[in-house]
Amino acid sequence: MPPTTPPLSAGPPAVPPPGPAPAAPGEPAYRRLLIGLFLAGVATFAQLYSPQGLLPLVSDDLGVPADRAALLVSASTLGLALSVVPWSVAGDRWGRRRAMVVSMVSASACALAGVLAPTFEAMLGLRLLEGMAHGGVAGLAVALLAEEVAPHAVAAAAGTYIAGTTLGGLSGRLLALPVAEASSWRGGMLAVTVVGVLCTVGFLAITPRARRFTPSPTSAATLVRIVRGHLRSPELVAVYLQGALLMGGFVALYNFVGYRLLDPPFSWTPTAAGLVFLAYLAGTWSSPRAGRLAARVGRLPVLVGATASMAAGVALTLVPHPAVLVPALVLVTGAFFAAHAVASAWSGTAAPTGRAQSTSLYNFAYYAGSSLFGWLGGVFHESHGWPGTVLMVLALVLTALASAVVVLRGRGTAPAR
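For reference, each letter of the sequence shown is one residue, going 1 to 417 in full-length UniProt numbering.
In structure tokens form, the structure reads like this:
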């Protein structure tokens, strides 16, 4: 799964009590917290995207077209998009660790029920509920770190969590396919669910109880006022649009590249086709470097350069040869994660107040775009094949590029401080 920058909280940051000191590197509590959040990242994003590489097998087994099969991914990301802000509010009231426990247990239960669902429609409903449950981890993990870890160690600790999300998204896809090829697509999803359950048990056993949480409930009126202010900012709306369009195009491309690789002239096996998800490692490499480059030359040049590179990679996927298609996917992936790293950070720093809510809105747009355009790519695939999906994705990326150049011109051009 593409990693996001989770909102720190839906309300004002909780004021830590003066007593317990924050966990610092080298302390057992710090190590346990990092291991627990790494497991949370793996559990959440392995299960969230586990059907993505299995969509052609779902189509063959259930006789559903590509656009309907893609709803297995879109339903879960829609649920996550709808739940990020409510989970952040719940974390402010209940405590972030407690809310994350409820999130992970609920998500694993929904995932298991979804694998066993007798009909496609029932599975869709359970995937929606599963995505809503996953929003607890996506919305609260970094907030928990910011609250429990010494300030100078938060960035490094968050990197460990993000590594877990990346590994989870990748491992979920890579594990599901060979198991599915040996058994069935349900068997592939069940294998990933088992991993999610084990990681959930590990999180419960390892993660220390919160020591520094104090409730800080936010009224609905205050939340609405802050969100309305953000949506009146052209700069912030343009940044949110980057997340929606780029993530939507990225997910659509990966939703349907499996169909492309299973068909002539490629005719790959499902397991071989699943190996293209290793291109996600390009994003692991590019995202931190994009952040460092933006600190030197400014956010806008990096965002524009990454988005233009993504557009070039998308266009190259039209070439029907693996020697071009695979490197093109690597380019698309590295460029997408670079753009996302810059845009997600921009969503927080550009907000004069209510930065947590601004980041929540970015995450909402990010996952809503994934849900909508991930499905819409299947509509184009059904009517125009792989070229239809690619041209739709290219239109999304170019729209994002144009909005960045027009609306964000003169903003984010100075090196970050």
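Glycine included, every Cβ here is placed at the ideal spot set by N, Cα and C.
Presumed contact (8 angstroms Cβ cut-off) between L80 and T193, rounded CB distance: Rounded, the Cβ-Cβ distance is 17 angstroms, inconsistent with contact.
Length-filtered (4 minimum) alpha helix (DSSP H) runs lying within the segment 134-186: Secondary structure in the segment 134-186: the alpha helix (DSSP H) runs of 4 residues or longer, each lying completely within the stretch, are 154-182 in chain order.
Length at least 4, wholly inside the segment 214-244: the alpha helix (DSSP H) runs in chain order: Runs of the alpha helix (DSSP H) inside the segment 214-244: 220-231.
Spatial distance of T317 from G410 (CA atoms): A direct Cα-Cα distance of roughly 33 angstroms separates T317 from G410.
Residue span of the alpha helix (DSSP H) that contains V324, given as start and end: Annotation: the continuous alpha helix (DSSP H) that includes V324 extends over 322-349.
Cβ contact (3+ pairs, closer than 8 angstroms) linking the segment 352-372 and the segment 319-326: No: the two stretches stay apart, fewer than three of their Cβ pairs being nearer than 8 angstroms.
R296: first and last residue of the uninterrupted alpha helix (DSSP H) it sits in: R296 -> alpha helix (DSSP H) spans 280-297.
Reduced DSSP category for A210 - H, G, I as helix; E, B as strand; rest coil: In this structure, A210 counts as coil in the three-state DSSP scheme.
Cα-Cα separation, A272 to R31: A272 and R31: Cα-Cα distance of roughly 37 angstroms.
Strand pairing of A23, partner residues [DSSP]: DSSP output for A23 lists V149 as bridge partner(s).
Span separating the alpha-carbon of A295 from that of V137: Roughly 28 angstroms between the two C-alpha positions.
Coil, strand or helix - G95 by DSSP: Assigned with DSSP and collapsed to three states, G95 falls in coil, not helix or strand.
Reduced DSSP category for A113 - H, G, I as helix; E, B as strand; rest coil: Looking at A113 - three-state DSSP - the assignment turns out to be helix.
For A43, three-class secondary structure by DSSP: Residue state for A43 is assigned as helix, using DSSP reduced to three classes.
CB-CB length for Q47 against E130, believed under 8 angstroms: In this structure, Q47 and E130 form a Cβ contact; the two beta carbons are roughly 7 angstroms apart against a cut-off of 8 angstroms.
Endpoints, the alpha helix (DSSP H) within which T58 is located: The residue you asked about is not Thr; residue 58 is Val in the sequence shown. The continuous alpha helix (DSSP H) containing V58 extends over residues 55-62.
Local Cβ density within 10 Å of T119, reported as buried at 16 or more and exposed below that: Result: exposed.
Other residues of its chain near A210: CB distance less than 6 angstroms, five sequence neighbours each side excluded: For A210, where only same-chain residues beyond five positions count, the Cβ hits under 6 angstroms are G95, R97.
CA-to-CA distance, L261 to P13, given in whole angstroms: Any reading at P13 is ruled out, since the residue's pLDDT is 44, under 50, leaving its predicted position unreliable.
Beta carbon of A244 nearer than 8 angstroms to that of A141: Not in contact: A244 and A141 (Cβ atoms no closer than 8 angstroms).
Residue environment, V15, which counts as buried when at least 16 other CB atoms sit within 10 Å: Unreliable placement is indicated for V15, whose pLDDT of 45 sits below 50; the coordinate value is still reported in the next sentence. Exposed.
For F38 and A163, believed in contact at Cβ under 8 angstroms, the rounded distance: With 8 angstroms as the limit, A163 and F38 qualify as a contact, their Cβ atoms being about 7 angstroms apart.
When A29, V393, L54, S347 are compared against residue 443, the one with the closest alpha-carbon: Residue coverage of the chain in this structure runs from 1 to 417, which leaves residue 443 outside it and unanswerable.
CB contact flag (F277, L198, <8 angstroms): No; because the gap between Cβ atoms is not below 8 angstroms, this pair is not in contact.
G274 - containing alpha helix (DSSP H), residue span: Counting along the chain, the unbroken alpha helix (DSSP H) around G274 starts and ends at 270-274.
Where the alpha helix (DSSP H) through Y67 begins and ends: Looking at the sequence provided, one finds Asp at residue 67 rather than Tyr. Start and end: 66-69.
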